[in-house]
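J.: Let me begin by handing over the structure; questions about it come next.
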Amino acid sequence: MTIAEVAAVPLSDLDHRAQLRRAVIASTVGTTIEWYDFLLYGQMAALVFAKLYFPSSDPLTGTLQAFAVFAVGFVARPVGAAIFGHYGDRIGRKAALIATLLLTGLSTFLVGCVPTYEQIGVWGAVLLVALRFIQGIGVGGEWGGSVLLSMEWARTGKNRGLIASWPQFGGPAGFFLANLAILAFSQMSGDQFLSWGWRVPFWLSLVMVGIGLWIRLGILETPIFQQVIAGERVARAPVVEVLKRQPKESSSSPSRGWDRWFPPSCMAPLFSPTAPKPSGPRATSCSSFC
Amino acid sequence: MLVVLLIGSFFSFFTIPFSGYLSDRLGRKPVYIFGAAATGLFAFAYYALLDTAIPGLIVLAVLVAFAFHDLMWGPLAALAAECFTPRLRYSGASIGFQLAAVFAGGPAPLIATALLAATGSGYVIALYIFGCAIVSIAATAALPSSRDRDFAHDHI
């Protein structure tokens, strides 16, 4: 796939600038969609899933709920990072990013289709957990790739920081859209939201993924990765090699990585004693942010 | 509360690119480390402002917290990607970032909730944030200065 996309002739200044712009848009839009998906699931888990999929009468479903909301999504993310890191360094940034978008988008859409506990019993909860895992793999592969897609089109080191910060913009943008969708659909009269309204924001993901896919299919592989291919320097096992050669860099990220939602998520639980409104579910939902 | 967070994330639409721009002018590490220190210290003021339960002060607290946090979040992308040589970059940057989600981002809300339940004080959470900030600063200081590295060619 990538081989065919390697530009035969160097791009003109104008074309390069246009490609840079398209790459930044493609990465930012895609990242926004994936954060929308990931955060939407976390929010809905507290609002809806507990009622429809995890009735308290069944102890097994209670355990599954804890997994669905917290562990699974997070455990899946480094798995996705390793899988798509491997393919992104071997086949290319573009191919990997199309795969992550599809994986995340389709699993999110399917979450909106899972039959409830009343219909298929505990299998509804099992499906939700499985889909969350697949979604987490997609999200785990997305971040690194979208940052590189933007950055590797930058021509000088003078504006790489700004260019790389655009995909970071996708975090709050996805958060904003997910909560807007929930606000909009939860305005429906109670029963309608619970019976089908909550599913619509998940289905909307499919529309967004269609748009994101259309944008991402139209971009070229980054010039820097083209050089890697042209120079026949593609790593055989990039994940193993990077852990061996740059262990400090690979592991120092975790320690400096409090995630984007750290302040809001820590604030939410505090709110229960001070705010008059009961915020139990909200505290849980905030906790499930990345 | 949700509305306050929506306002905060809208505010971030501007502070994130600005932080990225700052990292081009001043360097990734200085901006990131300043952001970590500011977030760690502001955490105490943050919970004090929330405790007042005055809406205007709560919004202010959230906006300032987001602004300081975005001083890390903006340059983080470039900082992480520039640590790695092109042929290993996708793997290295992805794994570092996503491991952070497991060890720091994921449990953080659980830890915060547990701390609050155990002590009833937001300042204990602030202390925890402060501790995270120190770890962040130490880890970032240990990284090589990434901005001046040859981004396009292998360096290991």
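In order, the protein sequences belong to chains L and F. Numbering-wise, my numbering puts 54 at position 68 of the first sequence, and it's gapless, one number per residue. Just remember that my numbering sits 1 ahead of the position in the second sequence, which is counted from 1. Glycine included, every Cβ here is placed at the ideal spot set by N, Cα and C.
Below 7 Å on C-beta distance, what does G93 of chain F contact in chain L?
T.: Locating residue 93 of chain F in the second sequence gives position 92, counting from the first residue. Those are V228, Q232, E235 and S236, listed as they occur along chain L.
J.: Please work out which residues of its chain come closer than 6 Å, Cβ to Cβ, to I138 of chain F, disregarding the five sequence neighbours upstream and downstream, and give them in chain order.
T.: As a working note, residue 138 of chain F is residue 137 in the second sequence. These residues qualify, in order along the chain: I34 and A37.
J.: Which residues in the same chain have their Cβ closer than 6 Å to the Cβ of L58 of chain F, if we skip the five residues on either side of it in sequence?
T.: On the second sequence, position 57 is the one that residue 58 of chain F refers to. Result list for L58 of chain F: L50, in chain order.
J.: For R185 of chain L, which option in L:G198, L:I197 and L:A170 has the closest C-alpha, if you only look at C-alpha atoms?
T.: For the purposes of this step, residue 185 of chain L is taken as the residue at position 199 of the first sequence. Taking only the C-alpha atoms, the option nearest R185 of chain L is L:A170.
J.: What is the DSSP secondary structure of R150 of chain F, counted as helix, strand or coil?
T.: Counting from 1 along the second sequence, the entry for residue 150 of chain F is found at position 149. It is coil, neither helix nor strand.
J.: What runs of the alpha helix (DSSP H), each 4 residues or longer, lie entirely inside the region 123 to 178 of chain L?
T.: You should have 146 to 171.
J.: With distances taken Cα to Cα, identify the nearest neighbour of K230 of chain L among F:A39, F:A54 and F:F85.
T.: In the first sequence, counting from the first residue as 1, residue 230 of chain L sits at position 244. The shortest C-alpha separation from K230 of chain L is found at F:F85.
J.: How would you write the range of the alpha helix (DSSP H) that M194 of chain L sits in, first residue to last?
T.: Your numbering for residue 194 of chain L matches position 208 in the first sequence. Where M194 of chain L is concerned, the enclosing alpha helix (DSSP H) stretches over R185 to L203.
J.: Using the rule of at least 16 other Cβ atoms within 10 Å of the residue's Cβ for burial, across every protein chain shown, is W200 of chain L buried or exposed?
T.: For the purposes of this step, residue 200 of chain L is taken as the residue at position 214 of the first sequence. With fewer than 16 Cβ atoms within 10 Å of its Cβ, W200 of chain L is classed as exposed.
J.: Taking 9 Å as the threshold (C-beta atoms), are G21 of chain F and I149 of chain L in contact?
T.: In the first sequence, counting from the first residue as 1, residue 149 of chain L sits at position 163. In the second sequence, counting from the first residue as 1, residue 21 of chain F sits at position 20. It is a contact, given that the beta carbons lie within the stated cut-off.
J.: On the criterion of 16 or more Cβ atoms from any shown chain inside 10 Å, does G217 of chain L qualify as buried, or is it exposed?
T.: As a first step, residue 217 of chain L is located in the first sequence; it is residue number 231 there, counting from the start. So G217 of chain L ends up on the exposed side.
J.: Please classify W139 of chain L as buried or exposed, where buried requires at least 16 other C-beta atoms within 10 Å of its C-beta.
T.: As a working mapping, residue 139 of chain L is identified with position 153 in the first sequence. Its Cβ being crowded by 16 or more others within 10 Å, W139 of chain L is buried.
J.: Taking the beta carbon of S40 of chain F as the centre, do at least 16 other beta carbons fall within 10 Å, making it buried, or is it exposed?
T.: The count along the second sequence starts at 1 and reaches residue 40 of chain F at position 39. In the sequence as displayed, the identity of residue 40 of chain F is Thr instead of Ser. When all chains shown are included, T40 of chain F counts as buried.
J.: Evaluate L163 of chain L with the Cβ neighbour count: other Cβ atoms within 10 Å of its Cβ, from every protein chain shown; 16 or more gives buried, anything less gives exposed.
T.: For the purposes of this step, residue 163 of chain L is taken as residue 177 along the first sequence, with counting starting at 1. Per the 10 Å Cβ criterion, buried.
J.: I need the straight-line Cα distance from V214 of chain L to P87 of chain F, nearest angstrom please.
T.: As a first step, residue 214 of chain L must be located in the first sequence, where it is residue number 228. As a first step, residue 87 of chain F must be located in the second sequence, where it is residue number 86. Answer to the nearest angstrom: the Cα atoms are 7 Å apart.
J.: Between Y129 of chain F and A113 of chain F, how many whole angstroms is the CB-CB distance? I'm expecting something under 8 Å.
T.: If you number the second sequence from 1, residue 129 of chain F lands on position 128. If you number the second sequence from 1, residue 113 of chain F lands on position 112. Indeed, because the Cβ distance is near 7 Å, the residues count as touching under 8 Å.
J.: Does the beta-carbon distance from P224 of chain L to A153 of chain F come in below 9 Å?
T.: Locating residue 224 of chain L in the first sequence gives position 238, where the first residue counts as 1. Locating residue 153 of chain F in the second sequence gives position 152, where the first residue counts as 1. Taking 9 Å as the Cβ cut-off, P224 of chain L and A153 of chain F do not qualify as a contacting pair.
J.: When burial is assigned at 16 or more other CB atoms within 10 Å of the CB, is P233 of chain L buried or exposed?
T.: For the purposes of this step, residue 233 of chain L is taken as the residue at position 247 of the first sequence. Exposed: under 16 other Cβ atoms inside 10 Å.
J.: Within 9 Å (strictly less), CB to CB, does M30 of chain L reach chain F?
T.: Counting from 1 along the first sequence, the entry for residue 30 of chain L is found at position 44. By this cut-off, M30 of chain L is not an interface position.
J.: For I17 of chain F versus Q154 of chain L, is the C-beta spacing smaller than 9 Å?
T.: Indexing the second sequence from 1 puts residue 17 of chain F at position 16. Indexing the first sequence from 1 puts residue 154 of chain L at position 168. Cβ distance < 9 Å, so I17 of chain F and Q154 of chain L count as in contact.
J.: Would you mind listing the alpha helix (DSSP H) stretches within the region 23 to 98 of chain F that are 4+ residues and don't spill past its ends, in chain order?
T.: Those alpha helix (DSSP H) runs which fall completely within the region 23 to 98 of chain F and span 4+ residues are 29 to 53 and 56 to 83.
J.: Quick one, which residues of the region 12 to 30 of chain F are near chain L if we go by CB-CB under 7 Å, in chain order?
T.: If the cut-off is 7 Å between Cβ atoms, the region 12 to 30 of chain F has S13, F14, I17, P18, S20, G21, Y22, S24, D25 and R29 near chain L.
J.: Could you tell me the alpha carbon to alpha carbon distance between F104 of chain F and V61 of chain L, rounded to whole angstroms?
T.: Working through the second sequence from its first residue, we reach residue 104 of chain F at position 103. Working through the first sequence from its first residue, we reach residue 61 of chain L at position 75. Spanning the two alpha carbons is a distance of roughly 10 Å.
J.: Say yes only if the C-beta of L199 of chain L is nearer than 8 Å to one or more non-hydrogen atoms of the ligand ZN, and no if none qualify.
T.: What this structure holds is no ligand at all, so the ligand ZN is not there to describe.
J.: Any contact of the region 0 to 12 of chain L with the region 113 to 129 of chain L, i.e. 3+ C-beta pairs under 8 Å?
T.: Taking 8 Å as the limit for Cβ pairs, the verdict is that the region 113 to 129 of chain L does not touch the region 0 to 12 of chain L.
J.: Alpha carbon to alpha carbon, what distance is there between A167 of chain L and F278 of chain L?
T.: Outside the shown range of chain L (-13 to 276) lies residue 278 of chain L, about which nothing can therefore be said.
J.: Of the residues L:R222, L:R141, L:L113 and L:L33, which one's Cα is nearest the Cα of L(-3) of chain L?
T.: For the purposes of this step, residue -3 of chain L is identified with residue 11 of the first sequence, where counting begins at 1. The shortest C-alpha separation from L(-3) of chain L is found at L:R141.
J.: Whole angstroms is fine: what's the gap from L113 of chain L's alpha carbon to V65 of chain F's?
T.: As a working mapping, residue 113 of chain L is identified with position 127 in the first sequence. As a working mapping, residue 65 of chain F is identified with position 64 in the second sequence. Approximately 40 Å between the Cα atoms of the pair.
J.: Distance, Cα to Cα, L38 of chain L vs D(-1) of chain L?
T.: As a working note, residue 38 of chain L is residue 52 in the first sequence. As a working note, residue -1 of chain L is residue 13 in the first sequence. In a straight line, the C-alpha of L38 of chain L is about 56 Å away from that of D(-1) of chain L.
J.: With distance defined between alpha-carbon atoms, name the residue in L:V226, L:A221, L:V193 and L:R219 nearest to I19 of chain L.
T.: Counted from its first residue, the first sequence places residue 19 of chain L at position 33. That would be L:V193, whose Cα lies nearest to the Cα of I19 of chain L.
J.: Tell me whether I138 of chain F sits in a helix, a strand or coil according to DSSP, three-state version.
T.: Stepping through the second sequence from its first residue, residue 138 of chain F is reached at position 137. Reduced to three states, the DSSP call for I138 of chain F is helix.
J.: Using a beta-carbon distance cut-off of less than 7 Å, what residues from the region 123 to 156 of chain L approach chain F?
T.: So the list reads G126, G127, W129, G130, G131, V133, L134, M137, G143, K144, N145, R146, G147, L148, A150, S151, W152, P153, Q154 and F155, given in the order they occur along the chain.
J.: If we count the other Cβ atoms within 10 Å of its Cβ and call it buried at 16 or more, is A159 of chain L buried or exposed?
T.: For the purposes of this step, residue 159 of chain L is taken as the residue at position 173 of the first sequence. Buried.
J.: Is the CB-CB distance between V58 of chain L and F119 of chain L below 9 Å?
T.: Translated into the one-based positions of the first sequence, residue 58 of chain L becomes position 72. Translated into the one-based positions of the first sequence, residue 119 of chain L becomes position 133. In contact: V58 of chain L and F119 of chain L (Cβ atoms closer than 9 Å).
J.: Under three-state DSSP, which class holds L144 of chain F?
T.: In the second sequence, residue 144 of chain F corresponds to position 143, counting from 1. Coil.
J.: Do you know offhand how far A82 of chain F's Cα is from Y91 of chain F's?
T.: Working through the second sequence from its first residue, we reach residue 82 of chain F at position 81. Working through the second sequence from its first residue, we reach residue 91 of chain F at position 90. Computed Cα separation, rounded: 8 Å.
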